[in-house]
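In the working numbering, the protein residues as written are 828 to 1032.
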């Protein structure tokens, strides 16, 4: 789907839009994708595993870090319901525009897109849930601070859900999560992918 790096702000590859129709969380979804975005030819297995495992309650505030064209965040917004809110963070301008389009075409109206690479400075209300399939191919110098910034947006008792691949350092991600939030739980394993969840400690009196 093109030679652009999906973490670049502005992909240069010519647009070649396509429509994916997929089953996730018991319903059909339609996602428009394009060249120059992450996994534009399918919902990648890691994202799919995270979508099927993540626990989102009605009314939750959810932050999707590295949203791509939106499958994780749009489904999270659907699960959060009309009283919830999903904020989708994405660097890539083409992916961000697609994510907003995909929220609309799937009837999920509680989604807000933010295109930025500076999560740490982003003013958000405390989030109940963070979900992420982090851009590990950008390197730890990008990913580790991104996880720290994501964790800082959680309310006390909030949960960070992460998917990673065994051979792309998911164990290192887990160790970093442990240093930020406490030891994560491994809630699912499939084909080398792992879904981890860690909880921000409740405030003490």
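Backbone N, C-alpha and C fix where the C-beta goes; we use that ideal spot for every residue, glycine too. Predicted, not measured: the structure shown is a model, and the values here were computed from it.
- Straight across, the Cα-Cα distance linking residue 1007 with residue 1001 is about 10 Å.
- Residue 914 counts as buried, since at least 16 other C-beta atoms from the protein chains shown sit within 10 angstroms of its C-beta.
- Per the DSSP secondary-structure output, residue 991 pairs in a beta bridge with 1021.
- Distances from the alpha-carbon of residue 984 to those of 1024, 971, 976 and 995 put 1024 closest.
- Residue 894 carries a coil assignment under DSSP once its states are collapsed to helix, strand and coil.
- Judged by DSSP in its simplified three-state form, residue 901 adopts helix.
- Between residue 848 and residue 854, the gap from beta carbon to beta carbon reaches 7 Å or more.
- In this structure, DSSP gives residue 1016 an extended state, which the three-state scheme calls strand.
- At least 7 Å separates the beta-carbon of residue 977 from that of residue 947.
- Note on residue 877: 16 or more other CB atoms within 10 angstroms of its CB, so buried under the neighbour-count rule.
- Non-local C-beta neighbours of residue 980 in its own chain, meaning closer than 6 Å and more than five positions away in sequence, comprise 890, 951 and 954, ordered along the chain.
- For residue 964, the three-state secondary structure derived from DSSP is helix.
- Taking residue 1020 as reference, the option from 899, 960 and 942 with the minimal CA-CA separation is 960.
- Three or more Cβ pairs closer than 8 Å define a contact, and the stretch 905-913 meets that threshold against the stretch 923-941.
- Residue range 845-851 is occupied by the beta strand (DSSP E) that includes residue 845.
- In the DSSP assignment, residue 949 falls outside any beta strand (DSSP E) and carries neither an H nor an E.
- Where residue 956 is concerned, the enclosing beta strand (DSSP E) starts and stops at 954-959.
- Rounded to whole angstroms, the Cβ separation of residue 895 and residue 864 is 6 Å, and the two are in contact under 8 Å.
- Relative to the Cα of residue 957, the nearest Cα in the group 988, 970, 930 and 867 belongs to 988.
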